[in-house]
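Every letter in the sequence shown is one number past the one before it in the UniProt record's numbering, and letter 52, counting from 1, is 52.
Ideal Cβ placement from N, Cα and C applies to all residues, glycine included.
Computed from a predicted model, the values in this text were never measured in an experiment.
Report on the structure given below.
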Amino acid sequence: MAKAATPATKKAAPRAKAPAKAGATKAAPARNPATVKAAKDHPIRDQLAATRDTIKTEAGKKAASLKDEATTLANQASTKARDAAAKGKDKAAEAVGNLAKMLEDSAGTVDSKFGKQYGDYARSAASTVAGLASTLDQKDLDELAASTRDFVKKSPAVAVGAAAVIGFVLARMLKGSNNG
């Protein structure tokens, strides 16, 4: 099966160009340099540019003023929060110290009612709580925060349990202070 030869296709002849329009042959009107300069030196345009620059300057000044004011307020809030946290830390240290003293005082009663072994547990707990009170009293807030972060990273399960116990104790203390 041989292919049949296909006749060659004819190329279309190029089209003749349409005659140019009469108006298209005119050149653009020449600009008068005085007219161009007058348009650039228009007083309203100058006023708008000056007003824009003034607004930009005033907005920049106002933004800087607001930023300074926000920084001042943030510093004041931070100082107040630190003062409140320091007072809270001092109260917590005092409360934990009182708890340690109560545990130590009750150790004798525990000895007589439950035996020396349980009294020793109470004294050991009192010693641990007294150590915590001492740590709270001696360290500043930043050191306590760093120590707490390290402890949570090392023993997250213990930290969650301690947080639950502390929350329970604080809730009981607050409930007791509201009642009387």
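Buried or exposed (CB count within 10 angstroms, at least 16 for buried), residue i
i, result
"residue 129", "buried"
"residue 169", "exposed"
"residue 165", "exposed"
"residue 63", "exposed"
"residue 96", "buried"
"residue 1", "Reliability fails at residue 1, whose pLDDT of 49 lies under 50, so the model's placement of it is uncertain and no value is given."
Three-state class that DSSP yields for residue i in the structure shown
i, result
"residue 116", "helix"
"residue 56", "helix"
"residue 155", "coil"
"residue 139", "coil"
Inter-residue spacing [alpha-carbon to alpha-carbon] between residue i and residue j
i, j, result
"residue 139", "residue 116", "34 Å"
"residue 143", "residue 154", "17 Å"
"residue 72", "residue 123", "50 Å"
"residue 188", "residue 178", "Outside the displayed range of the chain (1 to 180) lies residue 188, so it cannot be described from this structure."
"residue 51", "residue 65", "21 Å"
"residue 176", "residue 58", "57 Å"
"residue 135", "residue 55", "57 Å"
"residue 69", "residue 76", "11 Å"
"residue 182", "residue 81", "Residue 182 is absent from the model: the chain starts at 1 and stops at 180."
"residue 44", "residue 53", "14 Å"
"residue 114", "residue 105", "15 Å"
"residue 112", "residue 98", "22 Å"
"residue 158", "residue 87", "26 Å"
"residue 162", "residue 61", "51 Å"
"residue 110", "residue 78", "46 Å"
"residue 131", "residue 167", "20 Å"
"residue 90", "residue 121", "27 Å"
Expected contact under 8 Å - CB spacing of residue i and residue j to nearest Å
i, j, result
"residue 133", "residue 103", "The pair is not a contact, with the Cβ atoms about 11 Å apart (cut-off 8 Å)."
"residue 107", "residue 119", "5 Å"
"residue 141", "residue 85", "6 Å"
"residue 137", "residue 93", "4 Å"
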